[in-house]
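What follows is a single structure, written as structure tokens, with notes after it.
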Amino acid sequence: MSGEKDSRPRAEGPDSSLRRRLLMGMAALPAMAAAPRLAAAAGPATAAVNTTGLAITDSEVTVGILHSVTGTMAISETGSIQAEKLAIEQINAMGGVLGRRIKVIQEDGGSDWPTFAEKAKKLLVNDKCAAVFGCWTSASRKAVLPVFEQYNGMLYYPTFYEGLEQSKNVIYTGQEATQQILAGLNWINKERGSKSFFLIGSDYIWPRTSNKIARKHIEAVLKGRVVGEEYFPLGHTQFNSVINKIKLSKPDVIFADVVGGSNVAFYKQLKAAGVDLSRQALMTISVTEDEIDGIGGENIAGAFACMKYFQSLQNENNTRFVEAFHRMWGPKTVIGDVTQAAYLGPWLWKLTAEKAESFDVDKIAAASAGIEFKGAPEGYVRIHPNHHLWSKTRVGRARTDGQFDVIYETAELMEPDPFPKGYQ
Amino acid sequence: MMQNDNPFLTRLDWLSLALLAALLLVAFPLGLDTFRLNLVGKYLTYAFVALGLVICWGYGGILSLGQGLFFGLGGYCMAMFLKLEASTVENTKIQSTPGIPDFMDWNQITALPWFWQPFHSLALTLLLVVAVPVAFALLVGAAMFKRRVSGVYFAIITQAIAAIMTILIVGQQGYTGGINGITDLRTLAGWDIRTDGAKLLLYFVNAALLIGCILVAQSVRRSKLGRILVAMRDKEDRVRFSGYAVASFKIFAFCLAAGFSAIGGAMFTLQVGFMSPSFVGITPSIEMVIYAAVGGRTSLFGAVYGTLLVNGAKTAFSESFPELWLFGLGALFIAVVLAFPDGLAGLVRNRLLPWAGRMLARGGKPAPVRPGMVTK
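The listed protein sequences correspond, in order, to chains A and B.
Adding 18 to a residue's 1-based position in the first sequence gives its number in the numbering used here.
Adding 215 to a residue's 1-based position in the second sequence gives its number in the numbering used here.
Structure, rendered in structure tokens:
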């Protein structure tokens with residue numbers, strides 16, 4: 019059986035032929051129960067790979083998953099949990115990491131930032147997790163960051179976010195703001211000659227920072243102008259007045275980073291007010307396939323979204339990823355940008371541990387720069403020394419069925435730049 | 216404080232106090248590792264709020280659904296001091312304006328706002344931690360109680376104020392840190408609060424403060440003031456017709472509760488290392504009322520046990536069943552309310568003590584007298 023050959027994990031990256039065999043092998047998963055034990059014999063000694071007392075035995079390595087299963091964020095974070103579990107199952111089917119099966123301890127952050135901090139501490143101090151995959155909102159990341167730095171843990175954080183942060187103890191597998199925004203603005207400016215923009219967002223750090231970057235880019239680089247900039251509290255549902263303002267100021271592009279449930283009201287009211295997104299350009303950086311599930315495809319069809327990943331992306335890695343995801347979690351689940359970024363976390367950690375030949379957090383942190391993952395559904399990613407990922411920016415156009423047509427991607431990988439000069 | 220024929224602490228009160236002190240100061244520190252002890256320390260900060268609610272709601276009959284506000288104000292005052300200390304020019308040299316808190320820099324604020332200035336001083340901060348929430352409670356209390364707003368209307372107004380405060384904090388993120396709150400706090404006057412040793416010391420400070428607050432609350436309960444509060448709760452008009460200024464007593468109880476909550480908030484910030492608007496709003500405020508209700512709303516000690524029980528259950532359920540724990544917690548609330556409407560304290564008072572009394576009597580000793588236990 020191919021699986022046993024694959025079970026010696028060293029030196030084998032998840033290149034595409036291996037992954038194909040792996041996925042075929044997954045159907046025979048129960049038969050492979052013997053593989054980990056064989057693999058354990060092949061892995062290096064525990065004392066050598068674990069010098070700091072992490073929860074690692076000869077056959078097992080413990081990691082944590084920390085997302086909201088309950089509360090308002092559960093709807094967004096569920097996809098990330100599913101992706102991380104899928105990745106871990108696939109890695110285990112290949113024989114684990116350094117010859118050890120991954121054991122998962124899952125904790126619920128409960129959409130509550132202090133709970134995230136409490137659970138993060140539990141995962142690091144009590145459970146001695148070698149790595150933690152988790153967090154979604156910036157607020158939860160800000161709450162756990164001091165915990166990870168104090169207890170020297172390793173966090174793989176999946177969400178696109180505002181940047182302005184860099185930590186030895188975090189790998190940011192989503193895009194920071196410039197990676198998401200600049201190429202999209204350039205594209206719409208070049209493609210459609212757009213010069214005037216109306217910025218609208220939810221009122222917290224991510225939309226504010228993103229819009230600040232967008233405004234600087236529009237004014238300084240594109241020589242366009244911002245005709246309006248408005249913010250609404252999280253959960254806000256009355257957008258009629260701002261929609262009137264938008265209609266009066268007739269911007270070439272509505273640039274939207276409204277998040278969460280507010281999106282549903284915003285797009286429905288836009289449609290009800292007669293704003294036809296096939297004529298009025300709207301570019302969003304906050305709506306993925308997951309959000310469209312709630313908004314309804316017919317309400318947002320025609321809008322442009324700037325992401326690094328869309329479920330409809332055409333490449334071999336993605337075809338296999340979507341297929342495996344649907345097999346594990348049901349054919350109706352949709353996969354958004356963050357879900358794909360969450361899937362990268364366990365793989366990047368595995369590759370890094372194999373390069374470092376150790377689970378020690380210091381060695382993982384040091385070995386992370388330059389790690390490449392060729393099996394990424396988004397194509398190819400590489401970890402930058404600043405612990406963010408090099409990745410492409412893509413523009414998709416929303417269809418009525420809730421999926422996107424990918425209509426543009428940058429030719430090169432975009433360099434992550436969490437502290438962009440000239441945009442602060 | 217005024218004394219009367221009842222002793223300050225009855226024999227049973229002494230017993231309860233000794234039991235609580237033994238639990239908090241000996242059993243927990245010996246039996247729990249640093250992580251769990253720090254968790255208990257966090258729970259105990261909520262117990263300050265529950266304690267305030269016992270005085271204000273259990274005795275005074277004033278149900279406030281906005282105690283999170285005072286917890287939050289106390290916590291924010293402490294957090295502002297710690298944040299300023301953490302935002303040295305050295306630590307923040309990456310910012311466009313070094314020396315101010317990071318979130319201000321992200322929001323294009325280039326100078327420290329005036330209301331942050333007092334928080335450079337530790338002494339002033341410690342004063343403001345209590346003074347700001349109490350002054351605010353005084354303002355709200357005076358405005359409401361002088362106009363004889365009470366009962367449900369008062370509860371709704373406190374809830375609205377808590378909601379307004381959350382919106383204010385979230386909306387003014389350049390000055391408050393917005394929804395993220397004030398994070399990454401490090402040292403208190405040069406003393407690193409993140410080390411295990413510091414956590415242990417803070418735990419003991421917290422427990423001692425809590426016991427101190429219980430004693431203060433007990434002295435209020437035992438005084439004439441306490442009896443007027445109970446009289447007011449049960450027949451407000453009679454107290455008023457007897458010539459007492461009902462509003463002033465209510466304001467006092469409300470301010471005392473606010474002061475307790477604020478101390479809890481400040482200790483929370485110190486032990487957890489950050490403060491966010493998620494403690495200020497309606498949901499946490501109602502949760503804090505639940506702690507008092509589970510403990511028994513007229514029992515000072517019950518408030519502490521209620522808080523510990525609910526939070527302990529919350530942590531235990533959510534660790535064992537991350538996807539189902541809310542149901543478990545809900546079942547616990549329903550069970551407590553159905554089976555023991557007077558909370559844990561009612562269970563002890565109405566079941567356990569009579570039973571213990573009978574057991575002792577059967578053993579030939581006289582049943583213990585129970586003065587001071589009956590509060591209604």
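We put the CB at the ideal spot given by N, CA and C, even for glycine.
Quick caveat: nothing in here was measured; it's all calculated off a predicted structure.
Span of the beta strand (DSSP E) around residue i
| i | result |
| --- | --- |
| residue 121/A | 119 to 126 |
| residue 80/A | 78 to 85 |
| residue 175/A | 173 to 175 |
| residue 189/A | 188 to 190 |
| residue 179/A | Looking at the DSSP string, residue 179/A is not in any beta strand (DSSP E), and its letter there is neither H nor E. |
| residue 281/B | Element bounds for residue 281/B: n/a, residue is neither H nor E. |
| residue 412/A | 412 to 416 |
| residue 246/A | 243 to 250 |
| residue 152/A | 150 to 152 |
Integer-rounded CB distance, given that residue j should sit under 8 Å from residue i
| i | j | result |
| --- | --- | --- |
| residue 320/A | residue 296/A | 4 Å |
| residue 399/B | residue 301/B | 6 Å |
| residue 382/A | residue 371/A | 6 Å |
| residue 85/A | residue 152/A | 5 Å |
| residue 243/B | residue 252/B | 6 Å |
| residue 485/B | residue 415/B | In fact, because the Cβ distance is near 13 Å, the residues do not count as touching under 8 Å. |
| residue 284/B | residue 504/B | About 13 Å separates the two Cβ atoms, so there is no contact after all. |
| residue 374/B | residue 281/B | 6 Å |
| residue 92/A | residue 428/A | At roughly 33 Å, the Cβ-Cβ gap does not stay under 8 Å, so residue 92/A and residue 428/A are not in contact. |
| residue 483/B | residue 257/B | 7 Å |
| residue 260/B | residue 292/B | The pair is not a contact, with the Cβ atoms about 14 Å apart (cut-off 8 Å). |
| residue 243/A | residue 217/A | Actually they do not touch by this definition, with Cβ atoms about 11 Å apart. |
| residue 78/A | residue 118/A | 6 Å |
| residue 416/A | residue 176/A | Not confirmed; about 22 Å, so no contact. |
Opening and closing residue of the alpha helix (DSSP H) in which residue i lies
| i | result |
| --- | --- |
| residue 353/A | Premise fails: residue 353/A is in no alpha helix (DSSP H) and is neither H nor E. |
| residue 219/A | Note, residue 219/A: premise wrong, no alpha helix (DSSP H); beta strand (DSSP E) at 214 to 220. |
| residue 401/A | Where residue 401/A is concerned, there is no enclosing alpha helix (DSSP H), although the beta strand (DSSP E) it sits in stretches over 399 to 401. |
| residue 425/A | Where residue 425/A is concerned, there is no enclosing alpha helix (DSSP H), although the beta strand (DSSP E) it sits in stretches over 422 to 427. |
| residue 347/B | 337 to 360 |
| residue 318/B | 317 to 321 |
| residue 63/A | Careful: residue 63/A lies outside any alpha helix (DSSP H) and carries neither H nor E. |
| residue 140/A | Careful: residue 140/A lies outside any alpha helix (DSSP H) and carries neither H nor E. |
| residue 563/B | Careful: residue 563/B lies outside any alpha helix (DSSP H) and carries neither H nor E. |
| residue 208/A | 195 to 210 |
| residue 380/B | 366 to 386 |
Sub-8 Å separation of residue i and residue j beta-carbons
| i | j | result |
| --- | --- | --- |
| residue 270/B | residue 471/B | yes |
| residue 82/A | residue 163/A | no |
| residue 434/A | residue 197/A | yes |
| residue 64/A | residue 76/A | yes |
| residue 376/A | residue 67/A | yes |
| residue 174/A | residue 366/A | yes |
| residue 352/B | residue 506/B | no |
| residue 363/A | residue 276/A | no |
| residue 421/A | residue 326/A | no |
| residue 509/B | residue 563/B | no |
| residue 259/A | residue 245/A | no |
| residue 397/B | residue 298/B | yes |
| residue 356/A | residue 306/A | yes |
| residue 387/A | residue 402/A | yes |
| residue 288/B | residue 480/B | yes |
| residue 250/B | residue 146/A | no |
| residue 148/A | residue 73/A | yes |
| residue 182/A | residue 222/A | no |
| residue 101/A | residue 358/A | yes |
| residue 256/A | residue 405/A | no |
Below-8 Å beta-carbon distance, residue i vs any chain D residue
| i | result |
| --- | --- |
| residue 335/A | The structure shown contains no chain D; its protein chains are A and B. |
Exercise. Could you give the uninterrupted runs of the beta strand (DSSP E) lying entirely in the stretch 267 to 337 of chain A, keeping only those of 3 residues or more?
Worked result: Listed in chain order, the complete beta strand (DSSP E) runs (minimum 3 residues) inside the stretch 267 to 337 of chain A are 271 to 275, 299 to 302, 322 to 325.
Exercise. For the stretch 213 to 222 of chain A against the stretch 268 to 284 of chain A, are there 3 or more C-beta pairs whose distance is under 8 Å?
Worked result: The answer is yes - the stretch 268 to 284 of chain A touches the stretch 213 to 222 of chain A, with three or more Cβ pairs under 8 Å.
Problem set entry | Cβ pair count under 8 Å reaching 3, the stretch 418 to 427 of chain B against the stretch 315 to 331 of chain B | Touching, no.
For this session: Please specify which runs of the alpha helix (DSSP H), each continuous and at least 4 residues long, are wholly inside the stretch 470 to 542 of chain B, giving them in chain order.
Result: Runs found: 497 to 510, 515 to 535.
For this session: Let me know the alpha helix (DSSP H) ranges lying completely inside the stretch 436 to 466 of chain B, each 4 residues or longer, listed in chain order.
Result: Runs of the alpha helix (DSSP H) inside the stretch 436 to 466 of chain B: 439 to 449, 451 to 456.
For this session: Could you say if the stretch 126 to 138 of chain A and the stretch 532 to 543 of chain B meet the contact criterion of at least three C-beta pairs nearer than 8 Å?
Result: Yes: at least three Cβ pairs fall under 8 Å.
Problem set entry | Inter-stretch contact (C-beta, 8 Å, three-pair minimum) for the stretch 353 to 370 of chain B and the stretch 468 to 483 of chain B | With a cut-off of 8 Å, the stretch 468 to 483 of chain B and the stretch 353 to 370 of chain B count as touching, because enough Cβ pairs lie within range.
Exercise. With contact counted as at least three CB pairs below 8 Å, one residue from each stretch, are the stretch 558 to 576 of chain B and the stretch 514 to 529 of chain B in contact?
Worked result: Touching, yes.
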